[in-house]
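Numbering (our numbering), first residue to last: 1 to 716.
Input: a single structure, listed below in structure tokens.
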Amino acid sequence: MNMTRREFVAVGLAGAAGLCVGGVAGAGNAVEPPPPPVGEDGYKLWLRYAPPGDAAKNYRPVVRRIRVDGSSATSGIIRAELHSAAAALLGGAVPSNENDLADGTVLVGTPGNSALIRDLNWVADLAAVGNEGFIIRSTRIGNSPVTVIAANTEVGALYGTFHFLRLMQTGRPIDRLDLAERPALQLRLMNHWDNPNGTIERGYAGRSLWQWDELPGKLSPRYADYALACASIGINGAVINNVNADPRILAPENLRKVAAFADVWRPYGVRMYLCANFAAPMRVGGVPTADPLDQGVADWWKAKADEIYGLIPDFGGFLVKANSEGQPGPKTYGRTHAEGANVLADALAPHKGNVMWRAFVYDEDVDPDRAKRAYIEFTKLDGQFRPNVAVQVKNGAIDFMPREPFHPLFGGMKQTPVIAEIQATQEYLGQAKHLVYLGTMWKEFLDSDTHAKGSGSTVAKVLAGQVHPGHLTGMVSVTNPGLHRNWCGHHFSQSNWYAFGRLAWNPELSAEAIADEWTRMTFTNDDKTAAVIRDLMMGSREAFVNYTMPLGLHHLIGGDHYAPRPWNDRALRSDWTATYYHKASEDGVGFDRTKRGDHAVEQYFPPVCDLFDDIAKCPEKHLLWFHHCAWDYRMKSGKMLWDELCAKYQAGAEQAAALQQTWQSLAGKIDSRRHQEVADRLVIQVADSAKWRDQILEYFGRFSKMPVPRASSESK
Ligand code: GCU
């Protein structure tokens, strides 16, 4: 672990040495940013602690000593991180201050482990930040000006420490702090789709991080680095195996391996969760059935839960994909999803564990339209789930498309907790080949107004329990790290891991602010360069939508989910084709989900329902999701639909080319290795976006029977 942790700070220290020379010599003058180091490989993610430029001179008087109270493993992590980060950021080691309090001490602790913090008597303020929140305050203790990072728990103090470091990493003032934070959501979980054989379903960054063959005896140093990265953005748990779960994960020998991980993660506040295969009682336990109402099955789950908690006392719970895409589930026995979830919930309840039951179901018998099925099944069961069950719902009703309207189950389930599942791994968004920042997409989702209880009932508020209060809350991300040295394959894909954590902590943060802080921590604190990178991130998802599935087109899918294939008309199920969704014909294109069509709009509350239903009012970004439009339908721009569609694809490819040019202009501004590696992937992105534009327009042109107009850039 030490080896790898030292790697986390090495570049920061090297950079700090560079700054220190400039900083001392030029005290009082503007300090030139140090030349970017050449050999960065991305391993350190956003925890590089590169010197913050000019701001460092303001930080040194505030961070002259470090005092971290407490003797637990978590306190040790805080101490180590604060020391190594401060040394790297400030250009020299910062001494500890364990006994007295000198001016400029950063003091970290809880009322439980620190008499100094207890004596501050911040009882009400600490009560307000809960178990995971923190307070950071510039204050005085005795005569000494100090900065206090206080929390009720040591994990809260760890989060506070990372918040404080983030302020320095992003060049913000730290001399007059008075802030209090608590996470908006309770469950902030990574969902790994990792298989025991080391492959990752929809993983694009190499093989699985988890070395099952070596466990439990040997623990890769990356397990701790991973947990540190999660903790740095407030992620408090991880489901480590694929939703298409191998039941053998629950076998005793594998649970011992899982427990070894959990021991590494515990001090970082990262709790262990597992995907459970619903047929596990039969497949691992030798029970003749998996019927949730069978007493033998209930007993098996109960004994299994007891066994798990014997090994992992803070085990978080089970995630279940049931009766979906071939997975077993309660419907096999004529039981409902609620009955299935409840048998697991009852087993976990005595240990305070939770069940996350996925709503990613699309049983063909429920409705001809895949987009409608989960809502129909789950709203019927509202209120029938145990309180420790949360229904886990993908952001949209189909499947992590480049753009979907929000899933109508958000706000639609009133008595059952609903948590959101988003996907950082970019399965349908360029995988690890395209630069696509998803913060903007997730904000579009979180800011969507469900109108469940009148205007202002945004998805973010639904998730935070502010619309239907009193429930479990949470957001999870199908996530992207693998064994690739830079964790996520594409350097920019790290921003999606980061943005998930920040939004799960606070869904009200802006995508732009998150992009800005990530850029400063990950690439450079130079204002101009950071602004250029932030802006290219901000436009990247819309560019991707434009050159793949604009104007509400969706599921133009086939093959490996990378290249859009609107011509895909053959699959095992019709709802796995592309033609099922776009319905292109000579008459027009798009899926009629209106009140004159298949009534899917009625799953939304008014006035959202009417907005989507009315072709004149429906946001054009969702047009072909809800409407079948003639090719010569007049768009708001005045163009015909066909011309608008062509313009979108053309703009998308141009935007990709512009991304590449902008990135080229940053050569020399950021370290050369990462610059080159991103540039190499942009070559693929630009080529593929142009190819996709041409292929898709050629295909749809067969129906529209109209020529592709010249791109606006060509006519200039
Ligand atoms: C998508 C994905 C599958 C995954 C499924 C799920 O369909 O392609 O690989 O198993 O989602 O979320 O369960």
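A virtual CB, placed ideally from N, CA and C, is assigned to each residue, including glycine.
No experiment lies behind these values; they were computed from the predicted model shown.
May I ask you to list the residues that DSSP assigns as paired with L181?
-> In the sequence shown, counting from the first residue as 1, residue 181 sits at position 181. The displayed chain sequence assigns Glu, not Leu, to residue 181. Note: E181 sits in a beta bridge opposite F134.
Return the CA-CA distance between F162 and R502, expressed in angstroms with no decimal places.
-> Within the sequence shown, numbered from 1, the residue matching residue 162 stands at position 162. Within the sequence shown, numbered from 1, the residue matching residue 502 stands at position 502. F162 and R502: Cα-Cα distance of roughly 12 Å.
Counting along the chain, where does the alpha helix (DSSP H) carrying L666 start and finish?
-> Taking the first residue of the sequence shown as 1, we reach residue 666 at position 666. Unbroken run through L666: none, as it is neither H nor E.
For R202, verify whether its CB is less than 8 Å away from any heavy atom of the ligand GCU.
-> Translated into positions along the sequence shown, residue 202 becomes position 202. Yes.
Between the C-alpha atoms of H434 and W301, what's the straight-line distance to the nearest angstrom?
-> Here residue 434 corresponds to residue number 434 of the sequence shown, with the count starting at 1. Here residue 301 corresponds to residue number 301 of the sequence shown, with the count starting at 1. Each residue's alpha carbon lies about 43 Å from the other.
Verify whether the separation of the beta carbon atoms of Y580 and H555 is less than 9 Å.
-> Counted from its first residue, the sequence shown places residue 580 at position 580. Counted from its first residue, the sequence shown places residue 555 at position 555. Contact: yes.
Compute the Euclidean distance between the alpha carbons of A245 and A531, then round it to the nearest angstrom.
-> One-based indexing of the sequence shown puts residue 245 at position 245. One-based indexing of the sequence shown puts residue 531 at position 531. Taking the straight line joining both Cα atoms gives about 42 Å.
Distance cut-off 8 Å: N99 Cβ against heavy atoms of the ligand GCU = Position 99 of the sequence shown, counting from 1, holds the residue named residue 99. N99 Cβ: outside cutoff for every heavy atom of the ligand GCU.
Same chain only: Cβ atoms within 8 Å of T289, ignoring 5 sequence neighbours per side = Your numbering for residue 289 matches position 289 in the sequence shown. Answer for T289: P281, M282, G296, V297, Y333, listed in chain order.
At least 3 beta-carbon pairs within less than 8 Å: the stretch 257–270 vs the stretch 217–228 = yes
Verify whether the separation of the beta carbon atoms of E421 and Q392 is less than 9 Å.
-> Taking the sequence shown and counting its residues from 1, the one referred to as residue 421 is at position 421. Taking the sequence shown and counting its residues from 1, the one referred to as residue 392 is at position 392. Going by C-beta atoms, E421 is nearer than 9 Å to Q392.
Is DSSP giving A464 helix, strand or coil here?
-> The sequence position of residue 464 within the sequence shown is 464, counting from 1. Residue state, collapsed to three classes: coil.
For L107, which residues does DSSP report across the bridge?
-> Counted from its first residue, the sequence shown places residue 107 at position 107. For L107, which the question treats as bridged, DSSP gives the partners R67, V148.
CA nearest to the CA of Q211, picked from G203, S220, N121 | In the sequence shown, residue 211 corresponds to position 211, counting from 1. It is S220 whose Cα lies nearest to the Cα of Q211.
Assuming A205 and W487 form a contact by the criterion Cβ under 8 Å, report the distance between their Cβ atoms to the nearest whole angstrom.
-> Indexing the sequence shown from 1 puts residue 205 at position 205. Indexing the sequence shown from 1 puts residue 487 at position 487. About 6 Å separates the two Cβ atoms, so the contact holds.
DSSP three-state call for V532: helix, strand or coil?
-> As a working mapping, residue 532 is identified with position 532 in the sequence shown. Correct three-state label for V532: helix.
May I ask you to report which of helix, strand or coil DSSP gives K443?
-> Residue mapping note: residue 443 aligns to position 443 of the sequence shown, counting from 1. Residue state, collapsed to three classes: helix.
Fully enclosed by the stretch 351–394, which beta strand (DSSP E) runs are 3 residues long or longer?
-> 354–358, 389–394
How about R271 and G316: do their beta carbons lie closer than 9 Å?
-> Numbered from its first residue, the sequence shown carries residue 271 at position 271. Numbered from its first residue, the sequence shown carries residue 316 at position 316. A contact, by the Cβ cut-off of 9 Å.
Could you give the distance in angstroms between the alpha-carbon of G539 and the alpha-carbon of D119?
-> Taking the first residue of the sequence shown as 1, we reach residue 539 at position 539. Taking the first residue of the sequence shown as 1, we reach residue 119 at position 119. Between G539 and D119, the C-alpha separation is close to 49 Å.
Grab the span of the beta strand (DSSP E) containing Q423 for me, first residue to last.
-> Start at 1 with the first residue of the sequence shown, and residue 423 comes out as number 423. It spans 418–423 - the beta strand (DSSP E) in which Q423 sits, taken as one unbroken run.
Measure from the alpha carbon of E132 to the alpha carbon of each residue in L165, E81, T110, F703, then state which is nearest.
-> Here residue 132 refers to the residue found at position 132 when the sequence shown is read from its first residue. Looking at the Cα atoms, T110 is the closest of the given residues.
Three or more C-beta pairs closer than 8 Å, one from the stretch 51–60 and one from the stretch 123–143: is that the case here?
-> no
Name the one or two DSSP bridge partners that R634 has.
-> Within the sequence shown, residue 634 is the residue found at index 634, counting from 1. Paired residue(s): M640.
Closest by CA to V436, which one among Q423, K453, D447?
-> In the sequence shown, the residue the question calls residue 436 occupies position 436. Ranking the options by Cα distance to V436, first place goes to Q423.
Can H561 be considered in contact with the ligand GCU, in the sense that its beta carbon sits closer than 8 Å to one or more heavy atoms?
-> Position 561 of the sequence shown, counting from 1, holds the residue named residue 561. At least one heavy atom of the ligand GCU is nearer than 8 Å to the Cβ of H561, so yes.
Start and end residues, alpha helix (DSSP H) containing R702 | The residue labelled residue 702 in the question sits at position 702 within the sequence shown. Counting along the chain, the alpha helix (DSSP H) containing R702 begins and ends at 672–704.
Extent of the continuous beta strand (DSSP E) run through R188 = Taking the sequence shown and counting its residues from 1, the one referred to as residue 188 is at position 188. It spans 187–191 - the beta strand (DSSP E) in which R188 sits, taken as one unbroken run.
Identify which residue in A374, A349, V146 has its Cα closest to the Cα of V389.
-> As a position in the sequence shown, residue 389 is number 389, starting the count at 1. Of A374, A349, V146, the residue nearest in Cα terms is A349.
Status (buried if at least 16 other CB within 10 Å, exposed otherwise) for E40 | Taking the first residue of the sequence shown as position 1, residue 40 is located at position 40. Looking at its Cβ environment, which holds 16 or more other Cβ atoms inside 10 Å, E40 is buried.
Residue environment, D449, which counts as buried when at least 16 other CB atoms sit within 10 Å = The residue labelled residue 449 in the question sits at position 449 within the sequence shown. It counts as buried.
At what residues does the alpha helix (DSSP H) containing C609 begin and finish?
-> Here the question's residue 609 lines up with position 609 in the sequence shown. Note, C609: alpha helix (DSSP H), 608–613.
Are there three or more Cβ pairs, one per stretch, closer than 8 Å when the stretch 456–473 is compared with the stretch 642–661?
-> no
Taking only heavy atoms of the ligand GCU into account, decide whether any of them is closer than 8 Å to the Cβ of W193.
-> The residue given as residue 193 occupies position 193 in the sequence shown. Yes, Cβ of W193 sits closer than 8 Å to a heavy atom of the ligand GCU.
N- and C-terminal bounds of the alpha helix (DSSP H) containing Y581 = Position 581 of the sequence shown, counted from the start, is the residue given in the question as residue 581. 579–582 is the extent of the alpha helix (DSSP H) around Y581.
Check whether the Cβ atoms of V123 and I66 sit closer than 9 Å, and answer yes or no.
-> Here residue 123 refers to the residue found at position 123 when the sequence shown is read from its first residue. Here residue 66 refers to the residue found at position 66 when the sequence shown is read from its first residue. No, they are not a contact pair.
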